[in-house]
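Notes to accompany the following structure.
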Amino acid sequence: GQNIDQPTEMTATEGAIVQINCTYQTSGFNGLFWYQQHAGEAPTFLSYNVLDGLEEKGRFSSFLSRSKGYSYLLLKELQMKDSASYLCAVRANDYKLSFGAGTTVTVRA
Amino acid sequence: EPEVTQTPSHQVTQMGQEVILRCVPISNHLYFYWYRQILGQKVEFLVSFYNNEISEKSEIFDDQFSVERPDGSNFTLKIRSTKLEDSAMYFCASSAGTSGNNEQFFGPGTRLTVL
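So the protein lines, in turn, are chains Z and U.
Quick note on the numbering used here: the first sequence kicks off at 1 and runs consecutively.
Quick note on the numbering used here: the second sequence kicks off at 1001 and runs consecutively.
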């Protein structure tokens, strides 16, 4: 089975940095994805990791440690529009993504 | 920028009725997926489709569900006899490949309400 854990909620101030952790135990591993989902909307792709280390993409960075079954998404210079749910998803085989329950980030002025 | 489209955006139906949810994947993509998200819960995989056949399906995707690619552009999900617990947002997704950084692109979703 697949087990993907991430915190339920986080709150941060505009301009700050927030780190969202994700731990996973899956029957296979073929990449980890982070998606952003605003309420009532579709998930949109943020980042992808398959090798250990940090991937940086503008204000967003994602880190992976395969041996620890651990990833984090780092959001820098938070803006009000970053208030959303952030979904950690593991591609265990070729076809499907298994999602965590999502972390709701609230950015306060 | 190419995108996945879905129709309708909202479907209300009576329990026991059949519904068909429609999706137009990104035109050069070869892999197609359906996911669902019950309100307040996580996104759950239903089925993947490649080369005109199902590649993988979850335990949720029972005999009441079917998928079809009736022509070169549409990808449909049919629920034969809807139940109250089928009420959810249904997302279609597509990808160019299944390895590397070939992310799945999600459509805007169809909100299905079963009364």
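Quick reminder that beta carbons are idealized off the backbone N, C-alpha and C, glycines included.
Nothing here was measured: the structure is a model prediction, and the numbers come from that model.
> Which of the three DSSP states, helix, strand or coil, is assigned to Asp82(Z)?
Replying inline: helix
> For Thr1110(U), does the count of other Cβ atoms within 10 angstroms reach 16, so buried, or fall short, so exposed?
Replying inline: buried
> Between which two residues does the beta strand (DSSP E) harbouring Gln36(Z) extend?
Replying inline: Leu32 to Gln37
> Quick one, which residues of the region 1011 to 1023 of chain U are near chain Z if we go by CB-CB under 7 Å, in chain order?
Replying inline: none
> Apart from the five residues on each side of it in sequence, which residues of its chain come closer than 8 Å, Cβ to Cβ, to Tyr72(Z)?
Replying inline: Gln19, Ile20, Asn21, Cys22, Ser62 and Phe63
> Which whole-angstrom value describes the C-beta separation of Gln1064(U) and Ser1081(U), a residue pair presumed to lie in contact below a C-beta threshold of 8 Å?
Replying inline: 6 Å
> DSSP three-state call for Asp123(Z): helix, strand or coil?
Replying inline: In the structure displayed, chain Z extends from 1 to 109; residue 123(Z) sits before or after that span and is not available.
> Counting pairs of beta carbons, one from the region 93 to 105 of chain Z and one from the region 1007 to 1025 of chain U, are three or more of them closer than 8 Å?
Replying inline: no
> In or out: Met80(Z) buried (at least 16 other Cβ within 10 Å) or exposed?
Replying inline: exposed
> When the distance is taken between beta carbons, is Gln2(Z) closer than 8 Å to Val90(Z)?
Replying inline: yes
> Name the DSSP bridge partner or partners of Ser61(Z)?
Replying inline: Glu56(Z) and Leu74(Z)
>> DSSP has Gln1006(U) in a bridge; who is on the other side?
In response: Cys1023(U)
> If you follow the beta strand (DSSP E) that Asp5(Z) is part of, which residue opens it and which one closes it?
Replying inline: Asn3 to Asp5
>> For Tyr1090(U) and Lys68(Z), I'd like the C-alpha separation in whole angstroms.
In response: 33 Å
>> Here's the rule: buried if 16 or more other CB atoms are within 10 angstroms of the residue's CB, otherwise exposed. What is Arg1002(U)?
In response: Here the sequence assigns Pro to residue 1002(U), which means Arg is not the residue at that position. Classification for Pro1002(U): exposed.
>> Taking CB distances under 8 Å as the criterion, tell me whether Val1043(U) reaches chain Z.
In response: yes
> Name the residues in the region 82 to 101 of chain Z whose C-beta lies less than 9 Å from a C-beta of chain U; which are they?
Replying inline: Leu87, Ala89, Arg91, Asn93, Asp94, Tyr95, Lys96, Leu97, Ser98, Phe99, Gly100 and Ala101
> In terms of residues, what are the limits of the beta strand (DSSP E) holding Glu1044(U)?
Replying inline: Val1043 to Tyr1050
> List, in order along the chain, the chain U residues whose C-beta lies closer than 7 Å to that of Ala157(Z)?
Replying inline: Outside the displayed span of chain Z (1 to 109) sits residue 157(Z), for which this structure offers no information.
> Got a sec: which bits of the region 23 to 36 of chain Z sit with their beta carbon under 9 Å from any beta carbon on chain U, in order along the chain?
Replying inline: Asn30, Gly31, Phe33 and Tyr35
>> Assuming contact is defined by CB atoms lying nearer than 8 Å, are Ser27(Z) and Ala109(Z) in contact in what I supplied?
In response: no
> Who does Asn49(Z) pair with in a DSSP beta bridge?
Replying inline: Leu32(Z)
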